[in-house]
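Numbering (this note's numbering), first residue to last: 3 to 269. We put the CB at the ideal spot given by N, CA and C, even for glycine. Below is one structure, written out as structure tokens; comments come after it.
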Ligand SMILES: Nc1ncnc2c1ncn2[C@@H]1O[C@H](COP(=O)(O)OP(=O)(O)OP(=O)(O)O)[C@@H](O)[C@H]1O
Ligand SMILES: [Mg+2]
């Protein structure tokens, strides 16, 4: 994998095609002073006898982008898999809206509002775009099983490709589809694993704009794993840097020392 070097930060907070009335002002910060949607505390994780995470604590608030950075193989995806329930933790706890997730299965966590856009996207190549989006219905009540208009405002290309097979889309389009599918579930917590990986710069900008717009709705917490520093620097409200399974730097965006962070991203 490679680290993207496009220097232009994503900009704008209005989904393309959306009317201004709906989106002109960010929602008042439901986040300030409130309890974080996600709280991971002192998480330890093992693969067999090999420990992959040590004492990892990260939280994510509504209306904020919480970024987790670190070079290849340090444990970023392992942490996300612990959050979404794909890998058990050996120590610590993970809370969603104050509720311990403990041994809850991934589909139960999805029902509580956790949506996961995995690294490599994992869209279904033989299903159409529409069918891929409809797989997001799984955790929803029957009455909620519609594709929100916002999804097509954010990613208009998907609306024009509803009948195409997922496997026929470009990598960037597949990434947009994977994010869109996550949004179909109306998440409380959106978990994104390296959404810019292997994606062309114009689509990286679209994805950055989509994340900003979602953040500005004020209701969703976004947990973003990335190695592309400029993307994180433009988007993140808080950051944490992981090295060999531990958090080695963290803070608010204002506290971020770009040189120090970059030092942990380059090999
Ligand atoms: N299923 C698994 N079984 C055993 N070891 C694993 C497994 N998945 C990951 N690991 C190991 O755990 C460590 C952390 O891997 P992880 O995939 O979490 O890193 P990452 O930070 O997401 O890396 P990348 O940036 O390349 O995606 C690595 O040493 C990796 O080899
Ligand atoms: Mg990974």
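Beta-bridge pairing of residue i - partner residues as DSSP gives them
i           : result
residue 193 : 118 and 225
residue 244 : 249
residue 46  : 93
residue 40  : 62 and 98
residue 167 : 130
residue 67  : 224
residue 254 : 240
residue 52  : 49
Contact under 7 Å by Cβ, residue i with residue j
i           : j           : result
residue 254 : residue 240 : yes
residue 183 : residue 135 : yes
residue 238 : residue 67  : yes
residue 163 : residue 131 : yes
residue 48  : residue 92  : yes
residue 79  : residue 195 : yes
residue 84  : residue 119 : no
residue 123 : residue 202 : no
residue 266 : residue 245 : yes
residue 39  : residue 99  : yes
residue 87  : residue 108 : yes
residue 113 : residue 141 : yes
residue 96  : residue 42  : yes
residue 197 : residue 205 : no
Proximity test, residue i beta-carbon vs ligand 2 heavy atom, cut-off 6 Å
i           : result
residue 79  : yes
residue 89  : no
residue 41  : no
residue 121 : yes
Ligand 1 heavy atom lying under 6 Å from the CB of residue i
i           : result
residue 210 : no
residue 230 : no
residue 49  : yes
residue 54  : yes
residue 134 : no
residue 74  : yes
I want to know whether the stretch 175-191 touches the stretch 208-222 - three or more CB-CB distances under 8 Å. yes
Counting pairs of Cβ atoms below 8 Å between the stretch 225-235 and the stretch 72-82, do you hit three or more? yes
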